[in-house]
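If you count the sequence shown from 1, position 73 lands on 73 in the UniProt record's numbering, and the numbers rise without skipping. Everything on this sheet refers to the single structure shown next.
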Amino acid sequence: MDLDHINDHTEADSASDQSLVQYGTDRCAQLATLIQRGDLPLTPYVAQPVVYKVYNINNPVGIQIEIQGSSMSVDDTRKSPEQKQTDSQEMATQTGIPETRFTLVKPVPKPTSCKRLDIVSQQIIARMEELEEEGKWHNYDRFYRKACSYYVDDPDILIQIVFENVVAAYYRNDLKDGQQSILRGQELIFRTQNPLHHQGNMLYLKAALFRKEKKVMEAENALVLARQALEQMLVGRDTGEIWYNVAALFAQALNDECTESLTSDFKAQATEAFQLAKEHYRQGGDEDESCRNKLRRAHIRHAMFLLGCWSEVRPTNRSDDVTEDDLRQAVDSLDEVERNLWEGIPKRMRYYWYLARSDLFRYKNSIQRALEMAEEALRIAKESQFPSEVHFAEDRVKLLSKLVSGKPSLNNDDSKSNFKVHILDKEQDWFVRGVKEAICIRAHHPSLNRDGGRFRLPVAFDSLLTSSRLRLPGVQRSGSNI
């Protein structure tokens, strides 16, 4: 499907919001008791029969799922009474109990994907992600309006476009627009071929918005519900997104030191969720090219989590939190991105990569290098208009500037004693070491020299670069642009 064919049409009015009515709690308790006693003549199951209760109520979480099993039955109020009766006869087990709004269902197989929908939606979402990650907001807004108008009568594609707009709102700190897109997507869910899959998507997006507002408990509730949909979703981009958001919630809780919700195994759970997200992105990469950028993000943000620099700057290194093994894993993740995933990396991911490298150099007491990395990250964030990222990088640059100048950081009285500052021009043979580092970067880390390069020496230093004293094995003469 050529995206240039998206025309500018008048957007149709959204379908009216028809909320689902809550099932009676008394009836739920009665059925649960009957199941436990074994009084119901149910068709044999491998596992315990499935019981679900679905809401669409005005609370912070939205659709909630009360689950015992691995599938769902929902009551769509848009259906006619005759259609509801037909659906009930097809899906309900023979319980011998008069018909109620509560339905017992057998587990259903995972839905198969529609190739046409997959190809078209992947092309559209890939274009939206490209514009989001590059910070080209004027082009993004124009494309989003046209896409919504063109696919207004195709809910299976439209809902994915609307949900991707939640991501754009997250990047721009426009939480109001994000919530509006969530509500619009909620209206479309039961018009799609696979409502359970889209409910899972909606819930992890709601969790991301709550996390942005630092509402940890609400985000956790949404993710608990989103994870219930995993068994009915095909492994790939969206299942990876659920696990990534689980990891991100743990990481932010640890970063913010939310003592009311922390447990001793948060770090282990976050690491496990990051690994699951990476694995799901890898498995989905053959079918969905957008998984490649999601995999980059998982590697980079996992490294930032290990280094304790998830979303705000710490005034001093925390040796009790960051171990040698953490440093090694962080280096491996960042090197994996540079070696195998750097081609086509968008601005937002480059921003986070530079920021993670900055913190890595800081832990190695290479403060000047850390400052250079942070300054590059700040330049990218300002250029691309990412508000949260600009604030984060500005704090990092301020801190590192104070450390380079030997001043105490962020009014921390113990920072001088806890953190040894290395200043390059006070070291013995500092110039020789600096040139050697520049040569190593040129030879082994070419990504640092892209977009004009960050490490340049005047032509007068050519003789030093090619001298036997400074030459490294296997390094060719590179001239003055290092």
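All C-beta atoms, glycine included, are put in the ideal place defined by N, C-alpha and C. Note that this is a predicted model, so its numbers are computed, not measured.
| Check | Outcome |
| --- | --- |
| What does the alpha-carbon distance come out to for the pair Leu-306 and Ser-366? | 18 Å |
| With three or more beta-carbon pairs closer than 8 Å as the criterion, would you say the region 267-276 touches the region 238-248? | yes |
| According to DSSP, is Met-233 helix, strand or coil? | coil |
| Can you round the beta-carbon distance between Leu-209 and Leu-225 to whole angstroms, since I take them to be within the 8 Å contact cut? | Contact flag wrong, Cβ pair sits at about 14 Å. |
| Just to confirm before moving on: does the CB-CB distance between Trp-353 and Leu-334 stay below 8 Å? | yes |
| According to the neighbour-count rule (16 or more other Cβ atoms, all chains shown, within 10 Å of its Cβ), is Asp-286 buried or exposed? | exposed |
| Quick one: complete alpha helix (DSSP H) runs, 4+ long, within the region 179-250? | 195-212, 216-228 |
| Taking only the alpha-carbon atoms, compute the straight-line gap between Gly-240 and Ser-405 and give it to the nearest angstrom. | 43 Å |
| Taking the continuous alpha helix (DSSP H) assigned at Ile-159, which residues delimit it? | 155-171 |
| Below 6 Å CB to CB, which residues in the same chain sit around Met-373 once its five sequence neighbours on both sides are set aside? | Tyr-354, Arg-357, Ser-358 |
| So the alpha helix (DSSP H) Gln-269 belongs to, where does it begin and stop? | 266-284 |
| Within 10 Å of its beta-carbon, does Gln-193 have 16 or more other beta-carbons around it, so buried, or fewer, so exposed? | exposed |
| What do you get for Glu-376, buried or exposed, if any count of 16 or more other CB atoms within 10 angstroms of its CB means buried? | buried |
| Assess contact between the region 164-184 and the region 128-139, defined as three or more Cβ pairs (one per stretch) separated by less than 8 Å. Is contact present? | yes |
| Helix, strand or coil for Asn-365 per DSSP? | coil |
| Determine, using beta-carbon pairs with one atom in the region 291-301 and one in the region 334-343, whether at least three such pairs fall under 8 Å. | yes |
| Quick one: what does DSSP say Ile-345 is sitting in, helix, strand or coil? | coil |
| Cβ atoms of Tyr-363 and Val-399: under 8 Å apart, would you say? | A small fix is needed here, since residue 399 is Leu in this sequence, not Val. Not a contact, by the Cβ cut-off of 8 Å. |
| Please work out which residues of its chain come closer than 6 Å, Cβ to Cβ, to Ala-370, disregarding the five sequence neighbours upstream and downstream, and give them in chain order. | Ser-358, Phe-361, Arg-362, Leu-400 |
| Measuring alpha carbon to alpha carbon, tell me which residue in Lys-176, Asn-165, Gln-160, Glu-213 is nearest Gly-200. | Gln-160 |
| Relative to the C-alpha of Gly-236, which candidate in Ala-251, Leu-276, Leu-223 has its C-alpha closest? | Leu-276 |
| Could you compute how far the alpha carbon of Ser-290 sits from the alpha carbon of His-280? | 12 Å |
| Do you know how far the Cα of Asp-153 is from the Cα of Asn-255? | 44 Å |
| Among Glu-213, Arg-292, Lys-214, whose alpha-carbon lies nearest the alpha-carbon of Asp-238? | Arg-292 |
| Quick check on DSSP: helix, strand or coil for Asp-288? | coil |
| By the DSSP assignment, the alpha helix (DSSP H) with Tyr-151 in it spans what residues? | Tyr-151 -> no alpha helix (DSSP H), and no H or E assigned at all. |
| Could you give the DSSP three-state label for Leu-307: helix, strand or coil? | coil |
| Assuming Ile-300 and Lys-347 make a contact with CB atoms under 8 Å, what is their CB distance in whole Å? | The pair is not a contact, with the Cβ atoms about 13 Å apart (cut-off 8 Å). |
| Using CA coordinates, which residue listed in Leu-378, Lys-382, Pro-387, Arg-227 is at the minimum distance from Arg-396? | Leu-378 |
| Taking 7 Å as the limit between beta carbons, can you name the residues of its chain near residue 483, skipping five residues before and five after? | The structure shown does not extend to residue 483, since the chain spans only 1 to 482, so no value can be given for it. |
| Could you compute how far the alpha carbon of Val-216 sits from the alpha carbon of Leu-131? | 29 Å |
| What does the alpha-carbon distance come out to for the pair Gly-308 and Val-322? | 7 Å |
| Output needed for Trp-243: all residues of its chain with C-beta closer than 7 Å, excluding positions within five of it in sequence on either side, in chain order. | Ala-273, Leu-276, Ala-277, His-280 |
| Determine the DSSP secondary structure at Glu-312, reduced to helix, strand or coil. | coil |
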